Amino acid sequence: MLVTPGYQHRRSDGFLGRRRVDHSLSINVVFGNEHIQHLCAVLLPSLARSIPYDAHINLINYDGRSGRHFTVPTLTRQHSVTILPNTTNRILGFAESHNVLFTECVHDDFFLILNPDCIVLDGSIETLIARMRSSGAAIVEGRQWPFEHPKEYDPITLETPWASGAFCLIDSDFYHSIGGMDERYFLYMEDVDLSWQAWLHSRKVIYEPHAPVIHFSGGPFYRADIISTEEYFSIRNFLLISWKYFGAEGEDRALAMLSGDNRKSLVLQAVEDYKAVKAAVTPLTGALHKNIKITGVATFHELR
Amino acid sequence: MNCAKIPIVVVARSEEAATAFKLRHLHLANELFFRVGVRSYFQILIDSINDTTNDLICVVHDDVFLPMDFLRRTNTLADLLESRAIRWGVCGNSGITPFGVGLGGNNIIRFVADLHGGANFQNYILPATSVDGNVLLLNTKQLREAGVNLPDFGGFQLYDIAVCLETISKGISVWVAPHLSCYHASEGSQNAVDAAVNSTDCLRFLSTKFANNYVTTVDGTITIAQEAIRYSRLPDLEVSSLRAAQYKNNISIAIVVRTQFKRPELLTRAIMSVNAFIASAGTSCVWHCYIVSDQQGVDTSEFDRLAKTIAFDLEPETDTRNILIRSTAHALEEHYIWFVDDDDWLFPNHAERLSLTISTAPDRSMFFVDTSYFCEPCPEAGQPAFPPTQRGRHFRASEFSSGLNGINVIPNCGMILPAAALRAVPSHCYEYIVYYEDFLHQLYALLYAEVVPIIFRGLVAGISIRPKGNSVTEEDRSKWNASLAELVSFLAMSPRTSQLLGFRLGPNPAEPKPAAVETDRTRAPKRKKSLYESIAAEWRRFKRRRLGLKAE
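Line by line, the protein sequences are chains A and B.
If you want the working numbering, it's the 1-based position in the first sequence plus 184.
If you want the working numbering, it's the 1-based position in the second sequence plus 9.
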């Protein structure tokens with residue numbers, strides 16, 4: 185559901201009109217103040233080098249309270265950069281930010297969502313687009329380097345249960361049809377939900393291992409003395425997605441899995457927060473696709 | 010020397026304790042003020058901060074023994090901190106630093122002797138995340154101006170942690186300094202500490218300051234339940250303490266990639282990562298990226314947008330990997346040099362913290378950082394340089410001192426060296442020691458250049474390991490062994506050393522162990538079965554069950 189208060193420019197139907205442009209692409213990036221240096225010095229130049237055709241790079245600072253002003257570097261004439269002002273005076277979640285960018289900026293058949301701490305490599309985006317066109321998938325995800333996600337994918341069909349939102353190409357019609365990403369997750373797991381929505385709507389989620397992107401992120405950089413927001417929201421949203429897709433039985437199973445978790449304080453806080461959010465979420469009914477599965481705490485795949 | 014007046018507030022548990030303190034500190038008689046029988050150390054700190062008649066106040070326990078020149082040294086310390094043109098608020102004689110220092114790689118710095126031990130570091134004033142309260146020098150004027158507001162939680166525990174965290178949260182620095190060293194005649198009460206860490210009001214106060222879920226103190230680790238984790242974006246205590254303490258912004262570091270341009274895809278990858286690192290490092294240091302090579306006449310235009318290339322005119326037909334380091338050290342003007350091989354890469358995640366560490370560390374430091382192997386296939390010609398990788402061995406910066414026992418666990422990209430130390434290495438070493446060149450520079454800096462080892466905890470560099478093309482995986486070890494012969498003879502024959510070779514942390518295994526007396530409790534336990542034996546036993550049990558036989 186696309187609920188983004190504070191944005192006045194949206195058309196009454198909530199979406200900008202899209203036009204079919206063969207060689208044009210929207211690239212949406214949600215960033216914070218901490219990403220500005222990398223964004224300007226590394227990510228945007230890497231995008232400009234790697235896309236040999238028209239591209240609209242759309243940015244939004246998730247922090248509406250203290251967003252810093254900055255000047256983006258001049259790219260080529262083919263690449264326009266739009267910084268959408270965050271007028272909300274609050275922190276936007278990942279899904280909400282991307283929904284804002286989609287409704288305000290996306291005109292094309294598909295669009296790329298990209299984490300602000302990535303470096304895009306030559307040819308990767310074209311590989312994603314080619315795979316999107318040949319497969320008709322709803323989502324095509326690239327491979328992260330050097331920490332490739334160890335989740336399963338079919339080596340022949342490249343189908344995978346879910347796609348990470350760090351670097352993936354999304355079909356705009358599909359995104360529109362399901363109302364964008366579910367903003368109730370706030371952070372993390374909205375990409376799993378988006379992928380499950382694709383499977384529910386008989387659309388495919390594809391992993392493209394030949395489209396690498398540099399993304400220096402993950403476990404090796406976590407510090408034991410700092411509770412990461414990822415940890416917190418992984419627990420809270422694990423409960424939420426279990427409830428949303430599997431109802432009371434899923435909730436019970438998720439709580440049972442968390443009962444052995446030694447992060448007691450964190451789990452308690454996340455459970456309290458989940459209870460507050462849960463009330464607004466009606467569990468889905470009907471048959472689920474085989475790729476919609478929970479294999480562990482915040483784990484939705486088999487390991488390769 | 011005329012010393013400015015710095016009042017020393019003695020927190021005395023009784024009149025007797027106050028009298029005893031006075032009698033053993035006659036040399037400080039004019040500076041002493043006593044607070045006797047108070048119930049809250051917090052209140053004393055609050056009163057001190059609010060005391061507008063003094064800009065500096067020293068608050069001490071009644072069981073410390075301050076040396077004769079304490080006042081002079083405290084004045085010197087205040088002048089030194091003022092000269093750094095930073096906002097500083099609290100200084101102590103023991104505390105926790107945001108990076109490891111010295112051969113022990115300690116984060117717990119003690120410029121104090123007490124019933125637990127003595128000093129473990131010398132000479133340098135270091136930034137701290139917290140200090141112990143036995144002696145606190147407070148810059149009360151700065152604390153007042155910054156709005157440092159300490160609630161009164163009562164009692165005599167956690168007040169030091171609370172004032173440090175509150176100070177750092179206001180952007181004011183906290184330091185640990187040798188100038189405040191003393192003898193502290195207290196064993197400390199672990200029970201009191203344990204009781205205090207269950208004091209929920211103070212912990213709740215602390216949990217609103219930083220994102221850290223526990224804080225290390227000289228008395229142990231204090232767990233802080235984070236109640237505001239949900240949507241808050243609290244800062245990291247370590248980074249905040251470093252930011253507040255930053256007083257040098259002219260330290261320059263050259264990240265130097267050695268190459269012969271034989272694997273341009275990997276070189277491009279390395280330089281991209283270096284530039285990403287520099288972009289994330291912030292402005293606390295000045296970072297530059299260089300490509301250095303012994304190959305002249307190579308078209309380097311594709312790299313020009315990424316880095317400055319320097320091609321040295323070196324003797325052809327020789328392995329120039331170490332000579333290239335000497336040439337680079339003499340050609341560059343940066344304070345520090347960080348050599349990165351052309352198949353390595355840097356991670357930008359901890360770049361700002363590392364940069365702040367370098368800018369706040371002592372001037373003559375060398376920095377050890379964590380690195381990791383990543384196994385990957387050999388890149389085929391024309392293939393992308395980003396194949397799937399498998400993370401391998403992790404090299405911890407904190408284990409660097411095993412190098413003094415001949416075991417090198419620090420790869421080349423795992424250390425940042427002062428350029429001056431590299432320039433001081435005798436020239437014949439560069440010529441004879443070709444392999445193990447990183448080990449040479451590391452040991453030379455530690456043994457001869459009198460640098461301060463700084464241990465930075467955090468993965469900063471990745472090292473490519475491929476089936477072919479790595480020196481480290483060469484099957485023929487002749488070149489390695491020949492270089493090791495040169496290295497060991499250089500070290501063993503050097504007339505001037507700091508006698509640190511063989512330095513061992515922990516018990517010496519060469520010492521004879523006391524003869525064991527065999528009793529029922531010390532008798533050798535039953536040998537644990539090997540994995541193979543366990544599987545074989547399980548298999549035998551399985552067969553017996555299948556055959557309907559009784560258990561063995």
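The beta carbon of each residue, even a glycine, is placed where N, CA and C say it ideally should be.
Because the structure is a prediction, the values reported are computed rather than measured.
Would you report the Cα separation of P396/B and Y50/B, rounded to the nearest angstrom?
59 angstroms
Please list, in chain order, the chain B residues whose beta carbon lies closer than 7 angstroms to that of F400/A.
F356, P357 and N358
Report yes if the CB atom of N358/B is closer than 8 angstroms to the CB atom of L315/B, and no otherwise.
no
Simplified DSSP assignment, three categories, for P420/B
coil
Sub-8 angstroms separation of V140/B and V110/B beta-carbons:
no
7 angstroms Cβ cut-off: residues of chain A touching G471/B
P330
According to the Cβ coordinates, are A26/B and D56/B closer than 8 angstroms?
no
I want to see whether chain A comes within less than 8 angstroms of L468/B, judged by CB atoms only; does it?
yes
Quick one: is R530/B near chain A, going by C-beta distance under 8 angstroms?
Per-residue confidence for R530/B stands at a pLDDT of 46, beneath the threshold of 50, marking its modelled position as unreliable; the derived number appears in the next sentence. Taking Cβ atoms only, chain A never reaches closer than 8 angstroms to R530/B, which makes this a no.
Within 10 angstroms of its Cβ, does P534/B collect 16 or more other Cβ (buried), or is it exposed?
Only weak support is given to the placement of P534/B: the predicted model assigns it a pLDDT of 47, under 50, and the value that follows is read from those uncertain coordinates. Classification of P534/B: exposed, given that the 10 Å Cβ count is below 16.
Using the rule of at least 16 other Cβ atoms within 10 Å of the residue's Cβ for burial, across every protein chain shown, is K428/A buried or exposed?
buried
For S426/A, tell me which candidate among I241/A, P339/A and D377/A has the shortest Cα-Cα distance.
D377/A
How about H399/A and C289/A: are their beta carbons less than 8 angstroms apart?
no
Runs of beta strand (DSSP E) wholly within the region 261-294 of chain A (minimum 3 residues, chain order)
263-268
Within the present structure, is the beta-carbon of R475/B separated from the nearest heavy atom of the ligand COA by less than 7 angstroms?
Within the structure as shown, the ligand COA is missing, as the structure has no ligands at all.
Can you confirm whether F405/A, when its beta carbon is compared against all beta carbons of chain B, has any partner nearer than 8 angstroms?
yes
For G142/B and F74/B, what's the separation of their Cα atoms in angstroms?
14 angstroms
Straight-line Cα distance separating L146/B from Q255/B:
19 angstroms
To test your reading of the DSSP string, which unbroken beta strand (DSSP E) runs of 3 or more residues are found completely within the region 101-130 of chain B?
103-110, 115-119 and 121-123
Less than 6 angstroms between C-beta atoms, sequence neighbours within five positions excluded: which residues of the same chain meet that for A21/B?
A27, F43, V45 and D71
With distances taken Cα to Cα, identify the nearest neighbour of A288/B among S412/A, L228/A and L353/A.
L228/A
Taking the C-alpha atoms as reference points, what is the distance between D338/A and P386/B?
22 angstroms
What number of angstroms, rounded off, separates the C-alpha of L135/B from the C-alpha of V185/B?
5 angstroms
If we define contact as Cβ-Cβ less than 8 angstroms, is L305/A a contact residue for chain B?
yes
Quick check: the region 454-465 of chain B against the region 370-379 of chain B, are at least 3 beta-carbon pairs closer than 8 angstroms?
yes
How is Y439/B classed by DSSP in three states: helix, strand or coil?
helix
For D245/B, decide whether its Cβ has a neighbour in chain A, counting only Cβ atoms nearer than 8 angstroms.
yes
Give the residues from the region 211-230 of chain A that approach chain B closer than 7 angstroms (Cβ to any Cβ), ordered along the chain.
Q221, H222, A225 and V226
One or two residues paired with A470/B in a DSSP bridge
L355/B and T380/B
Please report how far the alpha carbon of G126/B lies from the alpha carbon of P107/B, in whole angstroms.
22 angstroms
I need the straight-line Cα distance from S418/A to L371/A, nearest angstrom please.
8 angstroms
Express the C-alpha separation of R362/B and H344/B in angstroms, rounding to a whole number.
18 angstroms
Counting C-beta neighbours from all protein chains within 10 Å, is the total for G412/B 16 or more, i.e. buried, or is it exposed?
buried
Using a Cβ-Cβ distance cut-off of 8 angstroms, determine whether P334/A contacts chain B.
no
Does DSSP put S600/B in a helix, in a strand, or in coil?
Residue numbering for chain B in the displayed model covers 10 to 561; residue 600/B lies beyond these limits and cannot be assessed.
Taking C-beta pairs closer than 7 angstroms, name the residues in chain A that F383/B reaches, listed in chain order.
P330
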